[in-house]
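Report on the structure given below.
Number of protein chains: 2
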Amino acid sequence: MHSLQFTAESSSNGMIERDFTVGEVPGVLWSPASGIERAPLVLMGHGGGNHKKHPAMAGRARLLVTGRGFHVAVIDVPGHGDRPRTAHDEREIAELYRARAAGEPEGPIVVRYNAHLAQLAVPEWRATLDALQELPEIGTDGPVGYFGINMGTAIGIPFVASEPRITAAVFGQHWPDVLAEDAKQITIPIEFDLQWDDEHIPREAGLALFDAFASTEKSLHVNAGKHKELPRFEADSAVRFFARHFGRAVTSLI
Amino acid sequence: MHSLQFTAESSSNGMIERDFTVGEVPGVLWSPASGIERAPLVLMGHGGGNHKKHPAMAGRARLLVTGRGFHVAVIDVPGHGDRPRTAHDEREIAELYRARAAGEPEGPIVVRYNAHLAQLAVPEWRATLDALQELPEIGTDGPVGYFGINMGTAIGIPFVASEPRITAAVFGQHWPDVLAEDAKQITIPIEFDLQWDDEHIPREAGLALFDAFASTEKSLHVNAGKHKELPRFEADSAVRFFARHFGRAVTSLI
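This is the structure we're talking about:
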């Protein structure tokens with residue numbers, strides 16, 4: 055088992071940013087600057103082609119950290135961010151660009167490639183959570199959430215299905231083909247986003263994935279608009295979802 | 055044209071409640087107790103079998119009034135609250151109870167009866183809005199919203215489709231049969247609630263009604279649960295929806 059090594063630290067506007075590694079996996083941990091106190095942790099999965107510090111990640115982290123006092127961690131998925139691409143990554147990415155240029159459906163390639171990445175990333179997430187819970191400001195007894203859309207959902211659903219420490223999750227915008235079976239194993243509260251006019255994911259596919267979750271508490275948020283037009287206010291909604299389930303349980307370490 | 059007559063006034067916990075009539079139609083206007091200032095107005099439609107001061111109405115009004123500084127008005131629908139039932143009302147209600155006791159679908163009766171009530175109620179809402187806008191604290195230049203689920207949607211959709219003064223609306227939980235044609239005329243931002251396990255309204259019917267709106271900005275909130283299990287947090291969401299579209303535009307009269 056690898057422990058967590060901090061490699062850099064900075065802070066701005068009330069948020070401390072600490073880069074870390076767990077073995078070969080690079081990550082970032084954002085925490086409130088107002089003293090490191092024990093608080094709930096939200097793990098976030100970045101989208102395909104992006105990385106752990108993409109503005110969408112940093113923006114959502116700011117809402118959770120400065121707005122609610124939570125800790126937030128993101129790791130780079132294999133082939134993304136600071137991690138090298140394999141020949142397999144290069145082939146799949148080239149295939150995606152080829153399909154896009156030819157006007158062919160991207161779904162089959164994204165579904166296949168993301169499933170491959172999930173097989174690699176799920177054990178990395180588990181090791182990262184093990185290491186994060188050794189930090190005194192996180193610990194093993196606080197609530198842990200997961201928040202990831204697009205590729206963050208393709209990795210998050212198998213991760214959450216096999217990880218009892220996660221007690222609330224926000225997912226969205228993926229196909230049911232590979233994921234529905236794992237979704238049927240998930241019983242924790244979830245919020246799920248889909249776009250009504252998604253040019254890649256048919257409505258029926260998005261609704262089928264939402265339907266698959268076994269959770270008695272599940273909410274679907276559909277918005278008019280295309281794949282990339284998920285409204286900003288859904289990030290606010292996700293933050294409220296975690297706050298509703300985790301409370302504002304910020305307690306002092308001392 | 056009837057003007058608005060106030061008939062009673064009380065206040066509690068930061069909210070003034072003023073009963074009124076516009077012609078034969080009884081209503082209630084809730085306003086912030088902290089001085090009557092010009093502020094956005096939200097019209098709310100009550101559910102079938104309920105009335106203008108049902109706890110669901112008063113509770114939502116409190117969120118809008120004390121939380122956001124808005125004015126909120128509700129009127130009794132014909133045959134409801136302080137208004138007499140006609141022989142037609144009695145026949146339809148008896149038919150609904152008979153179907154319910156026999157385990158037959160309620161939908162066809164609710165759809166038919168609510169469409170009848172909407173024909174009566176839409177001109178009453180228009181006259182009520184005319185009269186409310188004569189009050190200095192409301193006026194004709196501020197934003198006006200509409201918020202009604204169930205029967206509040208059956209009346210609200212034809213009202214909003216024919217009423218350009220309404221600029222944002224929250225609807226939900228009804229069938230598309232009668233309403234889809236009017237929904238196609240609606241282009242303002244909407245939020246729409248439906249229950250994923252509704253024992254009366256099939257999923258496909260609820261989704262079809264959401265789909266019918268011509269609005270470029272529309273959000274669907276689906277929650278696991280039966281018809282009457284719409285979560286309380288959807289009222290909070292509706293309030294945020296109006297706040298997002300109307301701002302906190304509370305300006306002094308003076």
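Taken in sequence, the protein lines are chains L and V. Just so we're aligned, residue 55 is where the first sequence starts under our numbering, counting upward by one. Just so we're aligned, residue 55 is where the second sequence starts under our numbering, counting upward by one. In this text, a Cβ means the ideal position worked out from N, Cα and C, and glycines have one as well.
In the DSSP output, what is residue i paired with across the bridge?
{"i": "H275 (chain L)", "result": "L:D247 and V:H275"}
{"i": "T207 (chain V)", "result": "According to DSSP, T207 (chain V) bridges with nothing at all."}
{"i": "H125 (chain L)", "result": "L:L95"}
{"i": "M55 (chain L)", "result": "DSSP lists no partner for M55 (chain L)."}
{"i": "A289 (chain L)", "result": "Paired residue(s): none; A289 (chain L) is not in a bridge."}
{"i": "W84 (chain V)", "result": "V:E71 and V:V126"}
{"i": "E63 (chain L)", "result": "L:R72"}
{"i": "G202 (chain L)", "result": "L:G99"}
{"i": "A53 (chain V)", "result": "The structure shown does not extend to residue 53 (chain V), since chain V is modelled only from 55 through 308, so no value can be given for it."}
{"i": "V164 (chain V)", "result": "Bridge partners of V164 (chain V): none, in fact."}
Just to confirm my understanding: we take residue i, look at its own chain, exclude 5 residues before and 5 after, and list those with CB closer than 8 Å. What are they?
{"i": "L150 (chain V)", "result": "E160, I163, V164 and Y167"}
{"i": "A181 (chain L)", "result": "M55, H56, V76, G77 and V79"}
{"i": "E253 (chain V)", "result": "K280 and H281"}
{"i": "V119 (chain V)", "result": "G68, M69, W84, S85, P86, H125 and V126"}
{"i": "M98 (chain L)", "result": "M111, R114, A115, V126, A127, V128, Y200, F201, G202 and G206"}
In chain order, what residues of the same chain lie with their CB nearer than 6 Å to the CB of residue i, ignoring the 5 residues before and after it?
{"i": "L58 (chain L)", "result": "F74, V76 and A185"}
{"i": "A169 (chain L)", "result": "V232"}
{"i": "A17 (chain L)", "result": "Residue coverage of chain L in this structure runs from 55 to 308, which leaves residue 17 (chain L) outside it and unanswerable."}
{"i": "G260 (chain V)", "result": "L248"}
{"i": "R114 (chain L)", "result": "A289"}
{"i": "A62 (chain L)", "result": "D73"}
Quick check: what's the CA-CA separation for residue i versus residue j?
{"i": "V293 (chain L)", "j": "S85 (chain L)", "result": "15 Å"}
{"i": "P190 (chain V)", "j": "G196 (chain V)", "result": "11 Å"}
{"i": "I192 (chain L)", "j": "M69 (chain V)", "result": "42 Å"}
{"i": "E378 (chain L)", "j": "P230 (chain L)", "result": "Because chain L here runs from 55 to 308, residue 378 (chain L) falls outside it and cannot be looked at."}
{"i": "I90 (chain L)", "j": "I220 (chain L)", "result": "22 Å"}
{"i": "I240 (chain V)", "j": "A215 (chain V)", "result": "5 Å"}
{"i": "T194 (chain L)", "j": "Q187 (chain L)", "result": "5 Å"}
{"i": "S64 (chain L)", "j": "V82 (chain L)", "result": "11 Å"}
{"i": "P256 (chain V)", "j": "A262 (chain L)", "result": "15 Å"}
{"i": "P218 (chain L)", "j": "P177 (chain V)", "result": "56 Å"}
{"i": "S306 (chain V)", "j": "G226 (chain V)", "result": "With a pLDDT of only 36 at S306 (chain V), under 50, the local geometry of the prediction cannot be trusted, and the value read off the model is given with reservation. Near 34 Å, if we compare the C-alpha coordinates of G226 (chain V) and S306 (chain V)."}
{"i": "K128 (chain L)", "j": "R154 (chain V)", "result": "According to the sequence as given, residue 128 (chain L) is Val; it is not Lys. Computed Cα separation, rounded: 52 Å."}
{"i": "E146 (chain V)", "j": "E71 (chain V)", "result": "32 Å"}
{"i": "A297 (chain V)", "j": "A223 (chain V)", "result": "12 Å"}
{"i": "G301 (chain L)", "j": "W179 (chain V)", "result": "41 Å"}
{"i": "L183 (chain L)", "j": "A172 (chain L)", "result": "16 Å"}
{"i": "G157 (chain V)", "j": "A148 (chain V)", "result": "14 Å"}
Should residue i go down as buried or exposed, given a rule of 16 or more other Cβ atoms within 10 Å for buried?
{"i": "H142 (chain V)", "result": "exposed"}
{"i": "T270 (chain V)", "result": "exposed"}
{"i": "N67 (chain L)", "result": "exposed"}
{"i": "F60 (chain V)", "result": "exposed"}
{"i": "D251 (chain L)", "result": "exposed"}
{"i": "G210 (chain V)", "result": "buried"}
{"i": "I308 (chain V)", "result": "Confidence in I308 (chain V) is poor, its pLDDT being 33 and thus under 50, which makes the residue's placement too unreliable to answer from."}
{"i": "S291 (chain V)", "result": "buried"}
{"i": "A237 (chain V)", "result": "buried"}
If you drop the 5 nearest sequence neighbours on each side, which residues of the same chain put their C-beta closer than 7 Å to that of residue i?
{"i": "L174 (chain V)", "result": "P132"}
{"i": "G121 (chain V)", "result": "V293"}
>> Tell me whether the segment 244-261 of chain V and the segment 273-282 of chain V touch, counting them as touching only if at least three CB pairs, one residue from each stretch, are closer than 8 Å.
In response: Touching, yes, given that three or more Cβ pairs across the two stretches are closer than 8 Å.
>> I'd like to know if the segment 128-142 of chain L and the segment 101-110 of chain L are in contact, where contact means that at least 3 CB-CB pairs between them fall below 8 Å.
In response: Judged by Cβ distances under 8 Å, the segment 128-142 of chain L makes contact with the segment 101-110 of chain L, as three or more pairs qualify.
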